[in-house]
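Working notes, beginning with the structure itself.
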Amino acid sequence: MAVIGILALQGAFIEHEKMIRSLGADTVEIRNQGDLTHFDGLILPGGESTTQRKLLKEEGLFDPLKKAIEGGLPVLATCAGMILLARHLDNDDNPCFGTLPVTVRRNAYGRQLGSFITTADIKGIGPFRMNFIRAPYITEADPEVEILATVDSRIVAVRYKNQTALAFHPELGNDTRIHEAFLQQAESFGK
Ligand code: GLN
Numbered sequence: 006m007a008v009i010g011i012l013a014l015q016g017a018f019i020e021h022e023k024m025i026r027s028l029g030a031d032t033v034e035i036r037n038q039g040d041l042t043h044f045d046g047l048i049l050p051g052g053e054s055t056t057q058r059k060l061l062k063e064e065g066l067f068d069p070l071k072k073a074i075e076g077g078l079p080v081l082a083t084c085a086g087m088i089l090l091a092r093h094l095d096n097d098d099n100p101c102f103g104t105l106p107v108t109v110r111r112n113a114y115g116r117q118l119g120s121f122i123t124t125a126d127i128k129g130i131g132p133f134r135m136n137f138i139r140a141p142y143i144t145e146a147d148p149e150v151e152i153l154a155t156v157d158s159r160i161v162a163v164r165y166k167n168q169t170a171l172a173f174h175p176e177l178g179n180d181t182r183i184h185e186a187f188l189q190q191a192e193s194f195g196k
């Protein structure tokens, strides 16, 4: 059975944890270096990326997690998590891990249209109900980045090697297909 590490410094980590557990896998909440035991996949949840980035550095989690991501650990990043992975941010000078070769715009939908729900196709999965909360989107992606979904011609889901990043929140709601696909990836990595 796969064990999934979930960054639990701040934000919507409980919902990911519940969904992963409902699928029969184990989870570890990552808050400090002592939590960096064995896991086969990593979830970077939504929340406030600025706070998450600050706590990652303060807790000494930044370097070990960056190394693990670069080493091929499967990562599922949602919303603020996608901001943490991005190599460039087009309205903020402080990228975090920088392991995903895309440019992300934070709070890209502005204040008025900050939060909305829509259904769009995800490559390999099909139509999916997407919950956007003060969401970012991707304004540029390197050619080797696979685009998994767009909404109104804006990129909202990508995969690059072991990293999957989503602008929306698949952990809210009861469609578990994204988490199931991620667990399969984690299981094969763990073997
Ligand atoms: N707007 C948040 C940020 O910039 C992300 C929003 C979210 O994760 N729901 O960090």
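Residue numbers (this note's numbering): 6 to 196.
The beta-carbon is built from N, C-alpha and C at its ideal position, and this holds for glycine as well.
Quantities reported herein were computed from a predicted structural model and do not represent experimental measurements.
Does the region 149-157 touch the region 54-71, meaning 3 or more C-beta pairs lie closer than 8 Å? no
For LEU41, list the residues DSSP reports as bridge partners. For LEU41, which the question treats as bridged, DSSP gives no partner whatsoever.
Start and end of the beta strand (DSSP E) containing GLY10? 8-12
Output the boundary residues of the beta strand (DSSP E) element that contains ARG182. Run containing ARG182: none in the beta strand (DSSP E); it sits in the alpha helix (DSSP H), 182-195.
Output yes or no for whether 8 Å exceeds the beta carbon distance between VAL163 and ALA140. no
Can you tell me whether ASP28 is helix, strand or coil according to DSSP? Before going further, note that residue 28 is Leu rather than Asp in the sequence given. Coil, per DSSP.
Do VAL33 and THR169 have their C-beta atoms closer together than 8 Å? no
Hey, how far is the Cα of LEU197 from the Cα of PRO100? Because the chain here runs from 6 to 196, residue 197 falls outside it and cannot be looked at.
Quick check: is any heavy atom of the ligand GLN less than 7 Å from the C-beta of VAL99? Note that residue 99 corresponds to Asn in the displayed sequence, not to Val. Because no heavy atom of the ligand GLN lies under 7 Å away, the Cβ of ASN99 does not count as near it: no.
Candidates MET6, ASP126 and ILE11: closest to GLU176 by CA position: ILE11
Three-state secondary structure (DSSP) at ILE160? strand
beta-carbon ALA85 near the ligand GLN non-hydrogen atom, thresh 7 Å: Flag set: Cβ of ALA85 near the ligand GLN.
Under 8 Å between C-beta atoms of ILE35 and ILE25: no
Quick one, which of LYS62, GLY76 and ALA17 has its alpha-carbon nearest ALA82's? ALA17
What does the Cβ neighbour count give for GLY46, buried or exposed, with the cut at 16 atoms within 10 Å? Buried: at least 16 other Cβ atoms inside 10 Å.
Inter-residue spacing [alpha-carbon to alpha-carbon] between PHE137 and PHE121: 5 Å
Which of the three DSSP states, helix, strand or coil, is assigned to ARG134? strand
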